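Numbering (the numbering used here), first residue to last: 419 to 670.
And the structure:
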């Protein structure tokens, strides 16, 4: 064979061939705690009943994970903890969250609430959203605005597609108007009911008459509240209240 002047011969390696293989495991801190707190080891993950994990085990695992991170053997990927209706937590839970957020291994906390100025559960103090001020200082608050009529129409249109409901443009316009005047949830719930009315009359798509019939059968919160105000003396609660008042007057 023809070879150039720059050709170099390399001696074939002799002896045992060594290979290096890098294995990456993605586990949570809880799984590591379970493995080290049970005699079964790794099989404890499949048992389902993890039981109580001692604080000593958790501290040892945290120290070991910190060593692995300093040595470059491990990388901490924070998770996400989402708490809906966070105003239902009491002051002790908020204190625990305050302390947990200071940890290096704490997850990203996301909370949601629909309360304004309200009382913190477990105390007599009021604060925005029912959350202590010191915890609010640690949060980034996302401001929200009411939906516009165009956005409500688009949401209702998408909901109709998800529910496989054919609706005419006039019916969708009327449903959008109802959603603006009442609430978006009430308008969304009317879609299925209107589709059932349409199916009963063997129609192809939901029309304005179907929306009007459902609107007359099922009232929203405002109309229901108005009905209660008009006929509050006819309900049992008012009768019991009046009886208690009469008994109080008699005792006096």
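Yeah, the Cβ is synthetic: ideal placement off N, Cα and C, and Gly gets one too.
Predicted, not measured: the structure shown is a model, and the values here were computed from it.
Top-ranked residue by Cα proximity to residue i, from the options
i: residue 472; options: 492, 451, 554 and 487; result: 451
i: residue 621; options: 583, 635, 642 and 435; result: 583
i: residue 603; options: 455, 570, 544 and 505; result: 570
i: residue 612; options: 476, 601, 487 and 630; result: 630
i: residue 600; options: 567, 610, 624 and 614; result: 567
i: residue 550; options: 560, 535 and 564; result: 535
i: residue 533; options: 505, 617 and 616; result: 505
i: residue 476; options: 495, 496 and 453; result: 453
i: residue 495; options: 594, 522 and 517; result: 522
i: residue 637; options: 491, 623, 624 and 596; result: 596
i: residue 442; options: 635, 493, 489 and 425; result: 493
i: residue 640; options: 616, 626, 433 and 598; result: 598
i: residue 607; options: 544, 635 and 587; result: 635
i: residue 702; options: 433, 623 and 515; result: The requested residue 702 is not part of the displayed model; the chain covers only 419 to 670.
i: residue 440; options: 537, 423, 470 and 491; result: 491
C-alpha gap between residue i and residue j, whole angstroms
i: residue 507; j: residue 589; result: 42 Å
i: residue 512; j: residue 553; result: 7 Å
i: residue 556; j: residue 524; result: 13 Å
i: residue 474; j: residue 480; result: 10 Å
i: residue 455; j: residue 542; result: 41 Å
i: residue 576; j: residue 592; result: 16 Å
i: residue 444; j: residue 438; result: 20 Å
i: residue 628; j: residue 564; result: 27 Å
i: residue 649; j: residue 633; result: 21 Å
i: residue 580; j: residue 486; result: 48 Å
i: residue 619; j: residue 503; result: 41 Å
i: residue 520; j: residue 560; result: 22 Å
i: residue 665; j: residue 651; result: In this predicted model, residue 665 has a pLDDT of only 43, less than 50, meaning its place in the structure is not dependable enough to derive any value.
i: residue 449; j: residue 427; result: 53 Å
i: residue 488; j: residue 518; result: 22 Å
i: residue 615; j: residue 585; result: 12 Å
i: residue 626; j: residue 646; result: 28 Å
i: residue 545; j: residue 537; result: 6 Å
i: residue 516; j: residue 605; result: 39 Å
i: residue 423; j: residue 435; result: 31 Å
i: residue 643; j: residue 558; result: 36 Å
Check whether residue i and residue j have beta carbons under 8 Å apart
i: residue 509; j: residue 540; result: yes
i: residue 501; j: residue 529; result: yes
i: residue 531; j: residue 548; result: yes
i: residue 483; j: residue 447; result: yes
i: residue 578; j: residue 609; result: yes
Boundaries of the alpha helix (DSSP H) in which residue i is found, first to last residue
i: residue 512; result: 509-518
i: residue 530; result: Segment 526-530 is the beta strand (DSSP E) holding residue 530; no alpha helix (DSSP H) there.
i: residue 482; result: 473-489
i: residue 448; result: 447-455
i: residue 644; result: 639-648
Limits of the unbroken beta strand (DSSP E) element including residue i
i: residue 502; result: 498-502
heavy atom of the ligand GTP below 7 Å from residue i C-beta
i: residue 471; result: Among the ligands in the structure shown, none appear at all, so the ligand GTP cannot be discussed.
Write down every uninterrupted run of the alpha helix (DSSP H) in the stretch 538-571 whose length is 4 residues or greater and which is fully enclosed by it, in chain order. Segments of the alpha helix (DSSP H) lying fully in the stretch 538-571: 551-554.
Mind listing, in chain order, the continuous alpha helix (DSSP H) runs of no fewer than 4 residues lying wholly within the stretch 569-629? List check, alpha helix (DSSP H) in window: 587-599 and 602-618.
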